[in-house]
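Chain order of the listed sequences is X and L.
Taken in order, the first sequence gives residues 0 to 305; the numbers are from numbering that gives the first Met the number 0.
Taken in order, the second sequence gives residues 0 to 557; the numbers are from numbering that gives the first Met the number 0.
Backbone N, C-alpha and C fix where the C-beta goes; we use that ideal spot for every residue, glycine too.
Bear in mind that the values here come from a model prediction, so they are computed numbers and not experimental data.
Notes follow once the structure below has been shown.
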Amino acid sequence: MTPRLKEGKIRHDWRRNYSYYLILLPVLLYYFIFLYIPMGGLLMAFERFNAAKGIFHSPWIWFGNFATFFKSYYFWRLIRNTVVLSLLGLFFGVVSPVGLALLLNEVKNRYFKKTIQTATYIPYFISLVVAASLIKIFVAPEGPIGALFNSLFGLDKNLLTYVDLFRPIMVVSDMWTMTGYIAVIYLAALSGIDHEQYEAARIDGAGHWKQLVHITIPGIAPTVIVLFIMRTGQLLNVGYEKIILLYSPGIYETADVISTFVYRKGLIELQYGYSAAVGLFNAVVGLLLIIGTNWLAKRYSETRLF
Amino acid sequence: MNKRFWSILAVLALALAMLVSCAAPTATPTVGPTATPTPDLQNVTLPLVSEMVTYKAMMSINEAAQDYKNSPLWTAADGGPGEIAKLTNVNIAFTSILNANYNNEFTLMLASKQYPDIFGYPTGAGNTLYPGGLEQGVDDEVIVDVKPLLEANAPLYWQMLNKPQNLIDAQTDKGYIPAVYQIKTLMNDAYASVWGMMIRKDWLDADGLSVPTTMDEWHTVLTAFKEKNGATFPLLKHLGDNPIMMQAYGIITNPANQFGAGNKLFYPDKDGKIHYGGVEQGYADYLKMLSQWYAEGLYDRDFDTRFIYDLPGEATLVAQGQAGATGGFWGWSGMFKGFAAGVQGFQWVAAPAPKVNAADPNPGQQFDVPKYVGDAWVITTKAANPENLLKLFNWMCTDKGTLLMNYGLENDSYTMVGGKPTFTDKILKSDKGAEPFWEIYTGNFQPNKLVWGEDIMTQMNNADDIAQQKVYTDSISPIIVTYTLNAEESTQVAGIMGDIQTYILEQYVKAVKDPAIAATWMDVQAKQIESMGIADAIAICQTAYDRYTAKAKALGLQ
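Dropping the structure here:
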């Protein structure tokens, strides 16, 4: 008897909510057409892909491409660079906007607050290519940052040619372009905290610091955690466009990451199968990380993404 | 339209009549030395087909302006069929794609199986663009082997093509002719070197030095540029990354070429043995020299971040007096002169290919595009009646067709002066430069291509520039690297070279910056490259090269 009951339930549900399902339909179609069908292309990762033969007729080599990647001379360096850059991005990508939001939250002068907020927000609207060109100009030997750095350390080179400076340049420039934008999300979370809590704390004798630790931070913690989980999924997906715009072979030592490697193998050397395999590896690790972080977040706090 | 058609026909007929009536020997070069057609082959009835047929084409272009839609020969001002289609009734509808995007668009096209009727295949694209090369394309039944069709449908073109010097590059190992190739007429019939060193002559004069020829002289000159002329970058990184200085040390192809594969990385010596520069003593010597120059502030301080085709950037540094020399394509020297137009006494000249010692023979230089056959148009199996297209290309080789395709429209792009087609100022004085505008105007596809022949070369360039270019050609000895790898070989070599490419790109930069690394290159880097399996890649390329020499022998070329 159960199946019939279930069928009746579905029909009932459809009759009641069909308009909502219809609204959902375009979204589902979007996901299906643009995000699920292209996944068929992942088959390339297991083939010696030949565009003329197509995805379904290229020779099948199972995990050959993956084996090549794992055995590659550069495998560990790529993993290391990717993870280091991502962790740096993760850390500063959370700390700096949260810090900015907390500071702005304390500012009482409305005009000053708005001015700072706008000034830090604007760099986000600079297109990546332009931002990268600006960075290149700034760190050139004649550029303001390059000239300052070189005169301090008695050098005369472009800062982008130093292996050790690539990571700091990436982190600082990310902070420059992104901090103001992400801080807006935290400011919104901050404004959602009930003011009565602060009043109650003040009556209990809590100072600024205590209020921060016991009210403000717990108040925005859910937002921080959700954004953090979403970023961990991107851990191996560092902003490769920016790296491609800024790096050069001389600093591959720290700058070459999995996605730039995929770009070079796939789009410059036209090894699509190999490139797809490396990309798939990247995506699988990303998925595992996001599940892992979500599990940890679920376990140690009440906030989770799914 | 009908009226216009007949009037154009009349103009062309008149032009032909003039050509014939002024049948002085000077009139013949317009057709070029490769074509000595018999009269009946010239006699092509127009239109070629009774009703207009349209074929779809996908082409790569160098710049947006070069879109075939901007050529009056291919597209009329109203966007309809251009002069060629009006005359022949064979119309070609183009999708023009910038060079930089062509690889990707091409691959998408292949993967989607949405082939046009014709696509452009740039010379030197070898086996990387169509996986396994055009021969594989014929076997995949994507590409039409035109060889069996040529004699019947394009007899004039076939007569021009059917020579060993063309077939060595136009005919595949299996004997296919997978495309309609442009056949080039060359000035002095020479494999002209188009790249080499360029230098500020006025600085040399001021310093009391002459144009350098050996590495020691270059060192003296660059030092003078730095100390006396105040250059920050006496020698800029070579535009295009060609191995101009490397070749003096016997390294013919640049191993640290980021766009390199197959014949762009491996070269034969005079005994036909294949080498890879990265493990040769010559390369270590070259790096030693360059790292010394770098340490002394003579070589481009920013070489590792400079984009290899940053022509405007380099031209600006030269115009500002920050740089005094670079290497690159001679055709680009106009840009340097243009940027420095306001600089008093500025002189920018070609320097001969440098040697290590004055007594050395001319260094070998790589020629990776075929001598006589150029860019190709490939007919796909999607094209209905490919014979029509062959007839069209054949007609383009007749005297009339050749004139139209190479000189354009009479009284617009050229006029007849003493029976000789002479370009008007529309071409010669174009803001874009004569040759770039010529490419836009004509659409840059001529089965019988005269643009590098003596007549057009001397019309488009002044004698000085031509003499400058001769400096390059006279100071090298050509080494032909147009051999190609087959599909299996390409995959294997690409597999081996994956890590080696990354390794050498990185190590080369380090060696130039650090003389200690350059000094121990043979013991450290060369050994590392060997351990990454370079010998296997060399062996594969050797097989491919041996196949090429066997083919040349069979054609009676060697």
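query                                                                                                                                                                 : result
May I have a chain-ordered list of the beta strand (DSSP E) segments no shorter than 3 residues that lie completely inside the region 100 to 147 of chain L?          : 117 to 120
Going by DSSP, what residue range makes up the beta strand (DSSP E) through residue 413 (chain L)?                                                                    : 413 to 416
What residue from X:65, X:53, X:187 and X:255 has the CA that sits closest to residue 80 (chain X)'s CA?                                                              : X:255
Where in the region 92 to 116 of chain X do unbroken runs of the beta strand (DSSP E), each at least 3 residues long, occur, reported from the N-terminal end onward? : none
Looking only at C-alpha atoms, which of X:227, X:225 and X:198 sits nearest to residue 213 (chain X)?                                                                 : X:198
With H, G and I counted as helix, E and B as strand and the rest as coil, what does DSSP make of residue 515 (chain L)?                                               : helix
So does the region 395 to 402 of chain L actually touch the region 443 to 455 of chain L, counting three or more Cβ pairs closer than 8 Å?                            : yes
Does the ligand PLP have a heavy atom nearer than 6 Å to the CB of residue 529 (chain L)?                                                                             : As for the ligand PLP, it is missing from this structure, which has no ligand bound.
Report, in whole angstroms, the separation of the C-beta atoms of residue 581 (chain L) and residue 51 (chain L), which I expect to be a contact under 8 Å.           : Outside the modelled stretch of chain L, which goes from 0 to 557, sits residue 581 (chain L), for which no answer is possible.
If you measure between the beta carbons of residue 373 (chain L) and residue 127 (chain L), is that distance less than 7 Å?                                           : no
Do you know offhand how far residue 249 (chain L)'s Cα is from residue 356 (chain L)'s?                                                                               : 13 Å
Considering just the uninterrupted stretch of the alpha helix (DSSP H) at residue 547 (chain L), what are its terminal residues?                                      : 533 to 553
Tell whether a beta-carbon distance below 7 Å holds between residue 543 (chain L) and residue 488 (chain L).                                                          : yes
With burial defined as no fewer than 16 other Cβ atoms inside 10 Å of the residue's Cβ, what is the status of residue 349 (chain L): buried or exposed?               : buried
Please list the residues of the region 44 to 59 of chain X that have a C-beta atom closer than 9 Å to any C-beta atom in chain L, keeping them in chain order.        : 47, 48, 49, 50, 51, 52, 53 and 54
Pick out the complete alpha helix (DSSP H) segments inside the region 200 to 235 of chain X, 4 residues or longer, and give them in chain order.                      : 207 to 210 and 216 to 232
Quick one: give me the first and last residue of the beta strand (DSSP E) that residue 97 (chain L) is part of.                                                       : 89 to 97
Using DSSP with H/G/I as helix, E/B as strand and the rest coil, what is residue 366 (chain L)?                                                                       : strand
Select from L:380, L:316, L:351 and L:214 the residue whose C-alpha is nearest the C-alpha of residue 336 (chain L).                                                  : L:316
Suppose only complete runs of 4+ residues qualify. What are the alpha helix (DSSP H) ranges in the region 380 to 441 of chain L, listed by chain order?               : 385 to 395, 398 to 406, 424 to 427 and 433 to 441
To the nearest angstrom, report how far apart residue 231 (chain L) and residue 152 (chain X) are at their CA atoms.                                                  : 20 Å
If distances are taken between C-alpha atoms only, which option among X:231, X:50 and X:184 comes closest to residue 82 (chain X)?                                    : X:231
Given residue 63 (chain L), which residues of its chain have a CB within under 8 Å of its CB, disregarding the five upstream and five downstream residues?            : 97
Check whether the region 42 to 60 of chain X and the region 128 to 146 of chain L are in contact - that is, three or more C-beta pairs closer than 8 Å.               : yes
So which residues of chain X does residue 395 (chain L) contact, with C-beta pairs closer than 7 Å?                                                                   : Within chain X, no residue comes near residue 395 (chain L); the closest Cβ sits about 29 Å away, beyond 7 Å.
Let me confirm a value: residue 130 (chain X) is counted as buried when at least 16 other C-beta atoms fall within 10 Å, else exposed. Which label applies?           : buried
Would the beta-carbon of residue 351 (chain L) fall within 7 Å of that of residue 523 (chain L)?                                                                      : no
Flag this pair as yes or no: are the beta carbons of residue 273 (chain L) and residue 363 (chain L) separated by less than 7 Å?                                      : no
Relative to the C-alpha of residue 97 (chain X), which candidate in X:65, X:223, X:170 and X:39 has its C-alpha closest?                                              : X:223
Beta-carbon separation of residue 285 (chain L) and residue 245 (chain L) under 7 Å?                                                                                  : yes
Could you tell me the distance, in whole angstroms, from the CA atom of residue 521 (chain L) to the CA atom of residue 58 (chain X)?                                 : 39 Å
Of all the CB atoms in chain L, is at least one closer than 7 Å to the CB of residue 246 (chain X)?                                                                   : no
Which first and last residues belong to the beta strand (DSSP E) in which residue 372 (chain L) is found?                                                             : 372 to 378
To the nearest angstrom, how far is it from the Cα of residue 162 (chain L) to the Cα of residue 319 (chain L)?                                                       : 50 Å
Hey, could you find the ends of the beta strand (DSSP E) residue 154 (chain L) is sitting in?                                                                         : Not the beta strand (DSSP E): residue 154 (chain L) falls in the alpha helix (DSSP H), residues 154 to 160.
Please list the partners that residue 270 (chain X) has in chain L, where partner means a Cβ-to-Cβ separation under 9 Å.                                              : 490, 493, 494 and 497
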